[in-house]
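For the record, in the sequence shown the residue sitting at position 40 is 40 according to the UniProt record's numbering, with numbers rising by one throughout.
Glycine is no exception: its CB is placed at the ideal position from the N, C-alpha and C atoms.
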Amino acid sequence: MKAVISEIFKSIQGEGPNIGAPSVFVRFGGCNLRCTFCDTAYSSFPEYAGNWISLEVSEIIRKIHEIRGSAYNLVLTGGEPLLQQKALKELIGKVQSFFPSIEVETNGTILPMELFEMPNIFYNVSVKLANSGVKEEQRIVDEPLDFFSNYERAYFKFVVEDEKDVKEVLRIVEKYYISPQRVLLMPLSVNPVQLEDNANKVIELCLKYGFRYSDRLHFRLFGGKRGM
């Protein structure tokens, strides 16, 4: 089984519930959405597909072991990794004994049918808001969001800039019965300067509405540099 891959690297997890964890990242190529603020366009948009490579799962595993070291967290990200579920299932099945924590980062629009029976997977579900520039019918899909809301190891991340965005988050959380303790708000930012400008504002919104805050630590430390 082959998968289309943008990059494989080791760093710390920069966002979400496992922020700071030493991690190996496998970034899959291709995405079914096109967000205006996407900071990984090189792994998402088709015009960059010439830079992606098709690898056998065995080769992906070899590369993971080459760089793993003491990293205990595996992050399967993109792009949108759930577009390649068969390869994803094979990969997870062969490496889960080496990683006590495996995260699948997804935009929440695709049902993980191939992964239903896979144990110990954490989902970081980055639900897109109107600020993404994506039409609502493309970014809000009932069946996968119902699944993730009922999956206890799924967390929901929303990129927000102001209270208008949080009002939209509230509507989604109420519709799908998502516990606020599983919701993280992250500042909208395409560079470290914008992150710094928006961080305190988003922290105040978290305090007001009872949501968790997620920073973008990799932006602060590495400025959005690839492979970090």
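query: Quick one: what does DSSP say Met1 is sitting in, helix, strand or coil?; result: coil
query: Return the residue from the list Phe148, Glu161 and Glu114 that minimises the CA-CA distance to Asn200.; result: Glu161
query: Does DSSP put Met113 in a helix, in a strand, or in coil?; result: helix
query: For Glu90, I'd like the list of residues in its chain whose CB is within less than 8 Å of its CB, leaving aside the five on either flank, ordered along the chain.; result: Met1 and Val57
query: Determine, using beta carbons only, whether Gly79 and Ser43 come nearer to each other than 7 Å.; result: yes
query: Can you tell which of Phe45, Ile53 and Val26 has its C-alpha closest to the C-alpha of Ile61?; result: Val26
query: On the three-pair Cβ rule with 8 Å, is the region 9-21 touching the region 171-181?; result: no
query: Smallest Cα separation from Tyr72: which of Ala87, Phe99, Gln84 and Trp52?; result: Phe99
query: Can you tell me whether Ser44 is helix, strand or coil according to DSSP?; result: helix
query: Measure the Cβ-Cβ separation of Asp165 and Leu129 and say whether it is below 7 Å.; result: yes
query: Which same chain residues end up closer than 6 Å to Val193 when comparing Cβ atoms and leaving out the 5 residues on each side of it in sequence?; result: none
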